[in-house]
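Be aware that the sequence shown starts at 233, since it is given in the numbering used here, and climbs by one per residue. Heads up: the structure comes next, in structure tokens.
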Amino acid sequence: MTHAYRYGQWRGGADPLAEPYDVAAAVDALGDAVLSGQGPTDALRELMRGGTQGMRGLDELRRGVRQKLRSARKRGRMDGTLEQVRELLDRALGAERRELFPDPDDAARLAEAQLDSLPEDTAGAVQGLRDYPWRSDEAQQTYDEIRELLRSEVLDSSFRDMKEALGQVTAEDVAAMRQMMSDLGDLIEAHNRGEDTEQQLAEFLDQHGQFFPDRPETVEDLIDSLARRQAAQQRLMNSLTEQQRQELGGLMSGALDDMGLAAEMARMQRLLQEARPDLPWDARGGTEGNRPMGLGDATTALEQLADLEALSAQLEQDYPGASLDDVDQELLAEALGRDAAAEVEALRRLEQELERQGWLQRERGTLSLTPKAVRRLGATALRRVFAQLSSTGRGGHDVRDAGAAGEITGSTREWRFGDEQPLDVVGTVRNAVLRGGPGRVTLHGRPAAVRLHVDDFAVAETERRTSAAVALLVDLSYSMALRGTWGAAKSTAMALH
């Protein structure tokens with residue numbers, strides 16, 4: 233059996249060549265926070281927010297999301313469709329009046345009177361011209377353009393990318409859309425009752441897949457996508473002025489009535505709200521800028537805005553029961569890239585590893601340090617104390633330099649003025665003998681005496697040792713915390729322990 237492997241350029245995400253994550257370093261960071269007065273739960277939260285070992289924390293990721301939010305709020309005005317319809321309506325009425333003006337017939341005067349009596353609001357005027365017999369071909373064409381624009385924008389505001397999928401909406405498209413919305417309502421209704429099945433979704437997509445090119449894998453995914461779209465559309469309406477809301481609402485209702493979709497659309501919106509009551513259906517706040525956006529584009533912008541706001545709240549973790557599992561990885565990757573999603577996943581694994589490896593324990597929802605973690609804190613504190621040792625004065629600790637007392641190391645060296653090390657007698661005599669040369673004898677044939685010279689003396693090296701007696705007195709007053717010495721006192725106590 234053979235296996236095929238394909239290699240390509242790294243496109244972000246977790247670094248496959250990165251060193252294994254050092255949980256012990258995270259334990260030390262938690263210990264520092266605990267020693268400074270925080271509880272284990274708050275210390276872990278601060279670790280997640282600040283990041284560690286080169287990884288961005290939740291706070292930095294949230295700043296990136298907030299920057300995206302500021303940009304998203306400046307994408308353009310939301311009344312683009314209303315403004316475009318007004319311009320087209322003025323153009324159609326102007327062309328029709330120019331056609332009627334030179335005609336002396338009374339019918340032309342009656343037509344002008346009908347135009348003069350149109351409602352002042354845009355929606356009422358468009359609806360009032362629904363059955364008007366246009367004399368100007370240009371005016372008729374412009375009015376048809378209004379109706380086509382409204383059909384396209386209304387459908388696109390309810391179903392993402394519908395405008396690109398359908399192009400110009402035909403009668404066949406409307407009939408297919410009507411059947412799709414009826415079947416969709418049945419599917420959502422079955423889901424709300426807990427009776428939907430994967431087979432139902434598969435049959436629905438087989439019949440109406442042209443309206444859902446992304447082909448959701450579950451009914452939950454389908455409902456979530458549609459519900460977020462509808463919530464964004466409702467937010468758009470809530471963010472308009474009262475006059476704009478009435479005019480745009482009237483235009484949308486008229487377009488749905490023309491297509492015979494009003495009842496099915498109302499049913500779908502009701503069922504989606506029942507399925508996802510957690511979405512911000514009453515939210516306000518839109519986008520601004522100089523560029524007018526159509527209804528579909530504005531809905532898309534608000535949908536993205538809502539996603540970024542939800543992602544910011546997930547990263548803030550400032551609500552009861554908050555967990556890193558709440559962070560939507562797909563939204564995060566879409567907003568900040570795959571690296572950001574990989575970092576959140578690494579933080580999630582870190583939290584799990586701290587518990588799995590026995591550094592933290594959770595009892596009845598309360599997080600605490602295990603005895604293993606406490607021993608680690610003491611060892612770390614002791615290591616930090618030894619890292620700051622000095623042999624220049626009393627009260628130090630063991631160092632590996634030669635000194636004037638302690639165990640003999642086995643090495644010798646020349647004696648220097650002021651040395652306090654013990655004299656190496658054997659080495660000293662050997663130096664004197666070697667200096668005088670071998671075989672020296674007296675006149676009587678006896679060995680000559682060995683005469684010592686100052687250069688012959690050698691001393692034995694000994695370990696340098698320092699000693700200390702430590703008395704730990706901890707002031708428990710507020711001044712310890714005020715001056716930032718409370719953590720150092722606790723670290724010293726842990727090291728001595």
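For every residue, glycine included, the Cβ atom is placed at its ideal position computed from N, Cα and C.
Alpha carbon to alpha carbon, how far is residue i from residue j?
{"i": "residue 660", "j": "residue 642", "result": "15 Å"}
{"i": "residue 308", "j": "residue 381", "result": "19 Å"}
{"i": "residue 385", "j": "residue 312", "result": "11 Å"}
{"i": "residue 494", "j": "residue 488", "result": "5 Å"}
{"i": "residue 293", "j": "residue 411", "result": "44 Å"}
{"i": "residue 540", "j": "residue 567", "result": "8 Å"}
{"i": "residue 574", "j": "residue 548", "result": "17 Å"}
{"i": "residue 279", "j": "residue 615", "result": "22 Å"}
{"i": "residue 525", "j": "residue 505", "result": "26 Å"}
{"i": "residue 522", "j": "residue 320", "result": "20 Å"}
{"i": "residue 444", "j": "residue 379", "result": "24 Å"}
{"i": "residue 705", "j": "residue 716", "result": "16 Å"}
{"i": "residue 440", "j": "residue 277", "result": "46 Å"}
{"i": "residue 722", "j": "residue 274", "result": "18 Å"}
{"i": "residue 594", "j": "residue 556", "result": "16 Å"}
{"i": "residue 581", "j": "residue 588", "result": "10 Å"}
{"i": "residue 377", "j": "residue 528", "result": "17 Å"}
{"i": "residue 420", "j": "residue 507", "result": "8 Å"}
{"i": "residue 333", "j": "residue 373", "result": "19 Å"}
{"i": "residue 668", "j": "residue 692", "result": "23 Å"}
{"i": "residue 401", "j": "residue 475", "result": "28 Å"}
{"i": "residue 257", "j": "residue 572", "result": "21 Å"}
{"i": "residue 647", "j": "residue 611", "result": "41 Å"}
{"i": "residue 666", "j": "residue 720", "result": "58 Å"}
{"i": "residue 490", "j": "residue 363", "result": "12 Å"}
{"i": "residue 632", "j": "residue 236", "result": "In this predicted model, residue 632 has a pLDDT of only 49, less than 50, meaning its place in the structure is not dependable; the value taken from the coordinates is given anyway. Each residue's Cα considered, the two are about 57 Å apart."}
{"i": "residue 322", "j": "residue 366", "result": "14 Å"}
{"i": "residue 442", "j": "residue 403", "result": "16 Å"}
{"i": "residue 304", "j": "residue 724", "result": "51 Å"}
{"i": "residue 435", "j": "residue 457", "result": "19 Å"}
{"i": "residue 288", "j": "residue 438", "result": "44 Å"}
{"i": "residue 391", "j": "residue 272", "result": "47 Å"}
Is DSSP giving residue i helix, strand or coil here?
{"i": "residue 434", "result": "helix"}
{"i": "residue 593", "result": "strand"}
{"i": "residue 309", "result": "strand"}
{"i": "residue 445", "result": "coil"}
{"i": "residue 642", "result": "strand"}
{"i": "residue 694", "result": "strand"}
{"i": "residue 531", "result": "helix"}
{"i": "residue 524", "result": "strand"}
{"i": "residue 303", "result": "helix"}
{"i": "residue 511", "result": "coil"}
{"i": "residue 718", "result": "helix"}
{"i": "residue 466", "result": "helix"}
{"i": "residue 482", "result": "helix"}
{"i": "residue 317", "result": "helix"}
{"i": "residue 426", "result": "coil"}
{"i": "residue 454", "result": "helix"}
{"i": "residue 286", "result": "coil"}
{"i": "residue 350", "result": "coil"}
{"i": "residue 473", "result": "coil"}
{"i": "residue 710", "result": "helix"}
{"i": "residue 742", "result": "Limits of the chain in this structure are 233 at one end and 729 at the other, which puts residue 742 out of reach."}
{"i": "residue 258", "result": "helix"}
{"i": "residue 505", "result": "helix"}
{"i": "residue 544", "result": "helix"}
{"i": "residue 440", "result": "helix"}
Tell me, which residues are paired with residue i by DSSP?
{"i": "residue 336", "result": "Residue 336 is not bridged to any residue."}
{"i": "residue 601", "result": "592"}
{"i": "residue 655", "result": "691"}
Where in the segment 359-423 do unbroken runs of the alpha helix (DSSP H), each at least 4 residues long, occur, reported from the N-terminal end onward? 369-390 and 394-398
Cβ contact (3+ pairs, closer than 8 Å) linking the segment 449-458 and the segment 344-351: no
Would you check if there are 3 or more beta carbon pairs closer than 8 Å linking the segment 548-567 to the segment 323-330? no
Can you confirm whether the segment 296-303 touches the segment 651-658 when touching is taken to mean that 3 or more C-beta pairs between the two stretches lie within less than 8 Å? no
With three or more beta-carbon pairs closer than 8 Å as the criterion, would you say the segment 469-488 touches the segment 351-367? yes
Do the segment 512-527 and the segment 460-479 touch if we need at least three Cβ pairs shorter than 8 Å? yes
Take every Cβ of the segment 598-612, pair it with every Cβ of the segment 259-269, and state whether three or more of those distances are shorter than 8 Å. Yes: the two stretches touch, three or more of their Cβ pairs being nearer than 8 Å.
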